[in-house]
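Chemist: Dropping the structure in here first, questions after.
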Amino acid sequence: MKAKLGMSPIAWWNDDLAELSDDVSLEECLRQSRSAGFTGMEMGRRFPNDPEIMLPILKAADVTLCGGWFSGTLVDGEMADNKDRIQPMIDLFKAVNAPCIVYGEVGRSIQGDRSKPLATKPKLSDDEMKAYAKRLTEFGEWCAEQGMPLSYHHHMAAVVETEPELDAFMRYSGAGIPLLLDAGHLAFAGGNVLRAIDNHHTRISHVHVKDVRMGVIEKLDRTKQSFLDAVALGAFTVPGDGSLDFGAIVQRFADHGYEGWFVVEAEQDPKKNPPLRMAQVGYKELMRVMTAAGYTVETQGFPNV
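Residue numbers for the sequence shown follow the UniProt record's numbering, so the first one is 1 and each next one is one higher.
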């Protein structure tokens, strides 16, 4: 089985918490990640939107674009508006041969609002979840028809956060909307990561290997503290530095024959946890557990074409 290892630039630049950002260029971010061993990088705010500019930067760093976040609003927003907003991203991702666009629902979400405690997260009724899942399936099918598949990201403080919410979304949606399984977000939400892999492995197309510090999470007052408060306190980290057993998690993916990207997405204070050092820690741990699970990790970065 083959696997690829990527990173998210959120370890260097946090889009929601400016104080958790390192003042490094895109080129330096890519250099550090590649030097740690990662061959892919998801898109961040310092990436150019022109493939003619992006491709030479990726080639020089020997890195491929392995995904990127789209802020979807289909829980309440219009299908046409979301299609219009994602079309330039589809065109860009096709031009640089990215594997997928990560769909993150921001409609009704409190994930970016530090004034909203975790306990006030939005909840959908069963009928609302059915309608939402149907819209996402239609949207995912349309994006795939344009040549760029989506991967749906369940997320803390959003409408699909908990394991029961994820189960309901998957039950009511169709194969047209694949799943991004994020170990850290599911664990933060109190879910069972191994059970979720067992239940939904046929739809999982992308994986975020985010670790958590359960000691931080367990001390949160969810009636007063927000998702961003939790991030600032250090709720997330890289594999090998947190509480999750990635040996068991990666083995479960291997048991179900998953092949593809495993992306380290770990936002935390770069002054307390320097991104290069954390990238090295995460890569070392992933290589250990992936070798044990029987994966061959691809070392090719930018394609030789």
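Even for Gly, the Cβ is constructed at its ideal location relative to N, Cα and C.
(1) Going by C-alpha distance, which of E105, D241, N97 is nearest L74?
(2) On the three-pair Cβ rule with 8 Å, is the segment 246–260 touching the segment 214–231?
(3) Counting along the chain, where does the alpha helix (DSSP H) carrying G184 start and finish?
(4) With H, G and I counted as helix, E and B as strand and the rest as coil, what does DSSP make of L30?
(5) State the DSSP-derived secondary structure class of I177, mapped to helix, strand or coil.
(6) Evaluate R34 with the Cβ neighbour count: other Cβ atoms within 10 Å of its Cβ, from every protein chain shown; 16 or more gives buried, anything less gives exposed.
(7) Report the rounded CA-to-CA distance for K116 versus E19, giving the unit in angstroms.
(8) Considering just the uninterrupted stretch of the alpha helix (DSSP H) at G215, what are its terminal residues?
(9) In its own chain, which residues sit with a C-beta less than 8 Å from the C-beta of R31, not counting the 5 before and 5 after it?
(10) I'd like to know if the segment 108–128 and the segment 82–95 are in contact, where contact means that at least 3 CB-CB pairs between them fall below 8 Å.
(11) Taking Cβ positions, are T237 and N273 nearer each other than 9 Å?
(12) Could you give the DSSP three-state label for W13: helix, strand or coil?
(13) For M54, collect the residues of the same chain with a Cβ closer than 7 Å to its Cβ; drop the 5 residues on either side in sequence, then sort them by chain order.
(14) Whole-angstrom Cβ separation of G67 and H206, contact assumed at under 8 Å?
(15) List the whole-angstrom C-beta distance separating A3 from V297, where the pair is believed to meet the contact cut-off of C-beta under 8 Å.
(16) So, helix, strand or coil for A3, using DSSP?
(17) What residues are listed by DSSP as bridge partners for residue 321?
Modeler: Put simply:
(1) E105
(2) no
(3) 183–188
(4) helix
(5) coil
(6) buried
(7) 19 Å
(8) 214–218
(9) A61
(10) no
(11) yes
(12) coil
(13) F47, P48, V96
(14) 6 Å
(15) 5 Å
(16) strand
(17) Examination of residue 321 is not possible in this model, given that the chain is present from 1 through 305 alone.
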